[in-house]
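J.: Take a look at the following structure, please.
There are 2 protein chains.
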Amino acid sequence: MASKRLSRSDTTPAGRLDEARLHDVLGYQMAQATIVSNAVFAEQVGRPFDLRPVEYTVLTLIVENPGGSQARLARALAVTAPNITMWIDRLESRGLVRREQSARDRRSQVLHATQEGIALARAATQRILDAERQALAAHLSAAEHAILLELLHKVACARGERSGGG
Amino acid sequence: MASKRLSRSDTTPAGRLDEARLHDVLGYQMAQATIVSNAVFAEQVGRPFDLRPVEYTVLTLIVENPGGSQARLARALAVTAPNITMWIDRLESRGLVRREQSARDRRSQVLHATQEGIALARAATQRILDAERQALAAHLSAAEHAILLELLHKVACARGERSGGG
DNA sequence: TATTGTTATACTCTATAACTATA
DNA sequence: TATAGTTATAGAGTATAACAATA
Numbered sequence: 001m002a003s004k005r006l007s008r009s010d011t012t013p014a015g016r017l018d019e020a021r022l023h024d025v026l027g028y029q030m031a032q033a034t035i036v037s038n039a040v041f042a043e044q045v046g047r048p049f050d051l052r053p054v055e056y057t058v059l060t061l062i063v064e065n066p067g068g069s070q071a072r073l074a075r076a077l078a079v080t081a082p083n084i085t086m087w088i089d090r091l092e093s094r095g096l097v098r099r100e101q102s103a104r105d106r107r108s109q110v111l112h113a114t115q116e117g118i119a120l121a122r123a124a125t126q127r128i129l130d131a132e133r134q135a136l137a138a139h140l141s142a143a144e145h146a147i148l149l150e151l152l153h154k155v156a157c158a159r160g161e162r163s164g165g166g
Numbered sequence: 167m168a169s170k171r172l173s174r175s176d177t178t179p180a181g182r183l184d185e186a187r188l189h190d191v192l193g194y195q196m197a198q199a200t201i202v203s204n205a206v207f208a209e210q211v212g213r214p215f216d217l218r219p220v221e222y223t224v225l226t227l228i229v230e231n232p233g234g235s236q237a238r239l240a241r242a243l244a245v246t247a248p249n250i251t252m253w254i255d256r257l258e259s260r261g262l263v264r265r266e267q268s269a270r271d272r273r274s275q276v277l278h279a280t281q282e283g284i285a286l287a288r289a290a291t292q293r294i295l296d297a298e299r300q301a302l303a304a305h306l307s308a309a310e311h312a313i314l315l316e317l318l319h320k321v322a323c324a325r326g327e328r329s330g331g332g
């Protein structure tokens, strides 16, 4: 199945380069698709709210998981502890999240989003969802869009059963 | 369609954080899935061949498009010209590609992969395809895997009809 | 005047190591 | 002994600006 086929669509979206050999490489197609989603994010959230993708994700995960720790965030996003410290520093200095020392484990920092942080995360998510739907409407049906999200989620779940991968 | 549902799968693969609000954000699911494909790449190609993902992609696109220019590569990958210069420098210093001045347009550099470069690209692609298939086999059927690749390709094609995006 | 490619430079993001304070 | 978090530092990668050569 999925035997090699050479069609006019075996070409890069920009630059018109033949990519027949890369067509079935998941990492490559992911990188190409990420160019689009990154552009949508930068336009709809990054620039207007001055938020990097990581900042948005960290903020939203804190909104969804009040009382969580930085260590769990670091594991969820496969980034290092010093990295998380920096991003939380920025979000905290902007008044979007708060750090509190945990009562049960005094090493741990308990994270909460402020009202402003919650509002910003909600607004950002709404903008992204709308913009992504609009950007892909010409190429993907609503059903395809939903399937894509599910399949990506399944791929993400392959983490952990492997040696590497955060 | 795709109405919000709260299920046990609305959680990050690692760290077990609730991600219900992020579930439908394509950029987020892409980033999570990329953690897996990046790990596969690093293990199967990055470390053994000392190749970054960009280097592999640049090399493979040159193999597939002999005689192409750096400008087209930059457009295809949505990276800047100085960036491409650097990556080609590295590939050339390792004897994997050659630069020649174009006869028709003497500003342009014509790119060719060496025999060694061609062999390396082929070997790397084979390893990635095998490793990706194996890594995802437990989570995606062969059909789902193929559909995912097609849908990602369609997303990538949304580039260009937009303002931003390289 | 626009395009190809290079150099120089600065910036962002990330990773590692060393440290503290708890457990 | 291991974990949570911070700091300091170095590295990788990217972007911008300025330049040369050509179209």
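Sequences listed follow chains A and B, in order. Numbering follows the working numbering, in which position 92 of the first sequence is assigned residue number 92; successive positions increment by one, without gaps. Numbering follows the working numbering, in which position 103 of the second sequence is assigned residue number 269; successive positions increment by one, without gaps. Note that beta-carbon positions come from the ideal geometry of N, C-alpha and C, so glycine has one too. It should be emphasised that the depicted structure is a prediction, and the values quoted were computed from it without experimental measurement.
#1: Answer with buried or exposed for B/Pro232, where buried requires no fewer than 16 other C-beta atoms within 10 angstroms of its C-beta.
#2: Given that a residue counts as buried once 16 or more other Cβ atoms are within 10 Å of its Cβ, and exposed if not, what is A/Met1?
#3: Suppose only complete runs of 4+ residues qualify. What are the alpha helix (DSSP H) ranges in the segment 74-138 of chain A, listed by chain order?
#4: Does the distance from the C-beta atom of B/Leu192 to that of A/Leu149 stay below 9 Å?
#5: Mind checking who B/Thr178 pairs with in its DSSP beta bridge?
#6: What is the C-beta distance between B/Ala242 and A/Gly15, in whole angstroms, given that I count them as a contact (C-beta under 8 Å)?
#7: Taking Cβ to Cβ, would you say B/His189 is nearer than 9 Å to A/His139?
#8: I'd like the list of long-range same chain contacts for B/Phe207, defined as Cβ closer than 6 Å, with 5 residues on each side in sequence excluded.
#9: Tell whether a beta-carbon distance below 9 Å holds between B/Glu327 and A/Asp18.
#10: Between A/Asp10 and B/Arg213, what straight-line distance do the alpha-carbon atoms span, to the nearest angstrom?
#11: Taking the alpha-carbon positions, what's the B/Ser235 to A/Ala81 distance?
#12: Comparing C-alpha positions only, which one of A/Glu100, A/Asn83, A/Met30 sits nearest to B/Ile201?
#13: Quick one: Cα of A/Gly83 to Cα of A/Arg90, how far?
#14: How would you list, in chain order, the residues of chain B whose beta-carbon sits under 7 Å from the beta-carbon of A/Arg159?
#15: Would you kindly report the start and end of the unbroken alpha helix (DSSP H) that includes A/His153?
#16: Pick from A/Val79, A/Gln134, A/Ala156, A/Gly95: whose alpha carbon is nearest that of A/His112?
#17: When DSSP builds the beta bridges, which residues end up paired with A/Gly68?
#18: Alpha carbon to alpha carbon, how far is A/Asp105 from A/Thr57? Give it in angstroms, no decimals.
#19: Quick check on the DSSP output: the alpha helix (DSSP H) that includes A/Gln29 runs from which residue to which?
#20: Just grab the DSSP bridge partners of B/Asp216 for me.
#21: I want to verify the contact list: residues of chain A whose CB lies under 8 Å from the CB of B/Gly234, in sequence order.
#22: Whole angstroms are fine: how far does the CA of B/Ala237 sit from the CA of B/Ala340?
#23: For A/Trp87, collect the residues of the same chain with a Cβ closer than 7 Å to its Cβ; drop the 5 residues on either side in sequence, then sort them by chain order.
T.: A quick look at the data gives this:
#1: Along the second sequence, one-based indexing puts residue 232 of chain B at 66. Exposed is the call here.
#2: Working through the first sequence from its first residue, we reach residue 1 of chain A at position 1. Because the pLDDT at A/Met1 is just 42, under 50, the model does not fix this residue reliably, and the value given afterwards should be weighed accordingly. A/Met1 is exposed by the Cβ-count criterion.
#3: 81-93, 115-136
#4: Residue mapping note: residue 192 of chain B aligns to position 26 of the second sequence, counting from 1. Residue mapping note: residue 149 of chain A aligns to position 149 of the first sequence, counting from 1. It is a contact, given that the beta carbons lie within the stated cut-off.
#5: Locating residue 178 of chain B in the second sequence gives position 12, where the first residue counts as 1. Beta-bridge pairing links B/Thr178 to no other residue.
#6: As a first step, residue 242 of chain B is located in the second sequence; it is residue number 76 there, counting from the start. As a first step, residue 15 of chain A is located in the first sequence; it is residue number 15 there, counting from the start. About 3 Å; that satisfies the 8 Å criterion.
#7: Along the second sequence, one-based indexing puts residue 189 of chain B at 23. Along the first sequence, one-based indexing puts residue 139 of chain A at 139. Not a contact, by the Cβ cut-off of 9 Å.
#8: The residue given as residue 207 of chain B occupies position 41 in the second sequence. Excluding sequence neighbours, B/Phe207 sits near Pro219.
#9: Translated into the one-based positions of the second sequence, residue 327 of chain B becomes position 161. Translated into the one-based positions of the first sequence, residue 18 of chain A becomes position 18. It is not a contact, given that the beta carbons lie outside the stated cut-off.
#10: Stepping through the first sequence from its first residue, residue 10 of chain A is reached at position 10. Stepping through the second sequence from its first residue, residue 213 of chain B is reached at position 47. Answer to the nearest angstrom: the Cα atoms are 28 Å apart.
#11: For the purposes of this step, residue 235 of chain B is identified with residue 69 of the second sequence, where counting begins at 1. For the purposes of this step, residue 81 of chain A is identified with residue 81 of the first sequence, where counting begins at 1. Approximately 41 Å between the Cα atoms of the pair.
#12: Along the second sequence, one-based indexing puts residue 201 of chain B at 35. Nearest C-alpha to B/Ile201: A/Met30.
#13: Taking the first sequence and counting its residues from 1, one reaches residue 83 of chain A at position 83. Taking the first sequence and counting its residues from 1, one reaches residue 90 of chain A at position 90. In the sequence under discussion, the amino acid at residue 83 of chain A is Asn, which differs from the Gly named in the question. If you take the alpha carbons of A/Asn83 and A/Arg90, they lie about 11 Å apart.
#14: Residue 159 of chain A sits at position 159 when you count from the first residue of the first sequence. Those within 7 Å of A/Arg159 in chain B are Pro179, Ala180, Ile201, Val202.
#15: Sequence index remark: in the first sequence, residue 153 of chain A carries index 153 (1-based). Its alpha helix (DSSP H) spans residues 142-156.
#16: Residue mapping note: residue 112 of chain A aligns to position 112 of the first sequence, counting from 1. Ranking the options by Cα distance to A/His112, first place goes to A/Gly95.
#17: Taking the first sequence and counting its residues from 1, one reaches residue 68 of chain A at position 68. In DSSP, A/Gly68 forms a bridge with A/Leu111.
#18: Counting from 1 along the first sequence, the entry for residue 57 of chain A is found at position 57. Counting from 1 along the first sequence, the entry for residue 105 of chain A is found at position 105. A/Thr57 and A/Asp105: Cα-Cα distance of roughly 25 Å.
#19: What you label residue 29 of chain A is simply residue 29 of the first sequence in a count that begins at 1. Segment 26-41, the alpha helix (DSSP H) holding A/Gln29.
#20: Position 50 of the second sequence, counted from the first residue, corresponds to residue 216 of chain B. According to DSSP, B/Asp216 bridges with nothing at all.
#21: Mapped onto the second sequence, residue 234 of chain B falls at position 68. Correct list: Leu17.
#22: Here chain B has residues from 167 to 332 only, and residue 340 of chain B is not among them.
#23: On the first sequence, position 87 is the one that residue 87 of chain A refers to. Closer than 7 Å at Cβ, skipping near neighbours: Val54, Glu55, Val58.
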